[in-house]
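Comments concern the structure below.
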Amino acid sequence: MTSTTDRVYWTTEDLQLLPESSNRYEIIDGQLLMTRAPHWKHQKVIVKASRILDAWAEATKLGETVATPGVIFDDADNVIPDLVWISHERLAAGVDEEGHFTIAPELIVEVLSPGTQNERRDRETKLKLYAERGVKEYWILDWRLQQLEVYRRQNALLHLVATLFAADILTSPLLPDFSCDVAEFFR
């Protein structure tokens, strides 16, 4: 950890010094973020979303779906999204020797955990980071409300373009021929 002005600046190397635990550690803009093991329904939504996206990816052969990958943009930005979809082209160009992504996947999915701090992290901090790093689409799933927020890249920023509920159908210009009842994520 290096000190800059009046705050501690965390790096990827610092994470290797932390003891093994069930906590998830991420670094955004040099700040350490920690989350505890999430609610089982949070994990269930990740599994459902992964199955849905992976079925589409297998059928189209356009890329890969990966749950909880390490994405190390640089020493100050090291995150573990809940789920990503990445094209074969980006995958070939953006994986380090340890198997971590070093570039932004086209699609990142986060499932909200309860609590103001957790929601701010996904809706503000990660939204900003993912926009800065070139993510094309960002989905935020809320299992409590059975709601899906869709953010898409417009003029170098990720903008909220739709808030969908269980009765709605999700499509995406990023994912050709992809269509899914939103309710499927929460069954």
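Residue numbers (my numbering): 172 to 358.
The beta-carbon is built from N, C-alpha and C at its ideal position, and this holds for glycine as well.
Boundaries of the beta strand (DSSP E) in which residue i is found, first to last residue
| i | result |
| --- | --- |
| HIS330 | 328-336 |
| GLN187 | Counting along the chain, GLN187 falls outside any beta strand (DSSP E), and DSSP gives it neither H nor E. |
| ARG323 | 318-325 |
| ARG178 | 178-180 |
Bridge partner(s) assigned by DSSP for residue i
| i | result |
| --- | --- |
| ALA238 | LEU254 |
| ARG207 | Answer is none; ARG207 lacks a bridge partner. |
| GLN202 | ILE199 |
| SER350 | THR342 |
Contacts around residue i, its chain only, beta-carbon distance under 8 Å, and the 5 residues preceding and following it disregarded
| i | result |
| --- | --- |
| ALA327 | ALA302 |
| GLY234 | ALA228, TRP256, ILE257, SER258, HIS259, ARG261, LEU262 and GLU277 |
| PRO190 | none |
Neighbour-count burial assignment, residue i, 16 or more Cβ in a 10 Å radius
| i | result |
| --- | --- |
| TRP310 | buried |
| ALA228 | buried |
| ILE243 | buried |
| ASP253 | buried |
Proximity to residue i [Cα-Cα], best of the options
| i | options | result |
| --- | --- | --- |
| GLU355 | ARG292, LEU224 and THR239 | LEU224 |
| TRP211 | LEU204, MET205 and LYS219 | LYS219 |
| ARG324 | LEU335, LEU300 and ASP313 | LEU300 |
| GLY305 | VAL321, VAL332, ALA275 and HIS330 | ALA275 |
| LEU316 | ARG222, ALA338, ILE243 and LEU254 | ALA338 |
| LEU335 | PHE357, ILE279 and GLU268 | PHE357 |
| PRO240 | ALA230, GLU320 and ILE217 | ILE217 |
| VAL353 | LEU345, ALA333 and PRO344 | ALA333 |
7 Å Cβ shell around residue i - same chain, five flanking residues per side excluded
| i | result |
| --- | --- |
| THR342 | PHE349 and SER350 |
| ARG292 | LEU204 |
Limits of the alpha helix (DSSP H) - the one that residue i falls within
| i | result |
| --- | --- |
| ARG261 | 259-264 |
Close beta carbons around residue i, own chain, < 6 Å, minus the five adjacent residues each side
| i | result |
| --- | --- |
| THR175 | Annotation note: pLDDT 48 at THR175 (below 50); position unreliable, coordinate value reported separately. Cβ neighbours of THR175 beyond the five flanking positions: none. |
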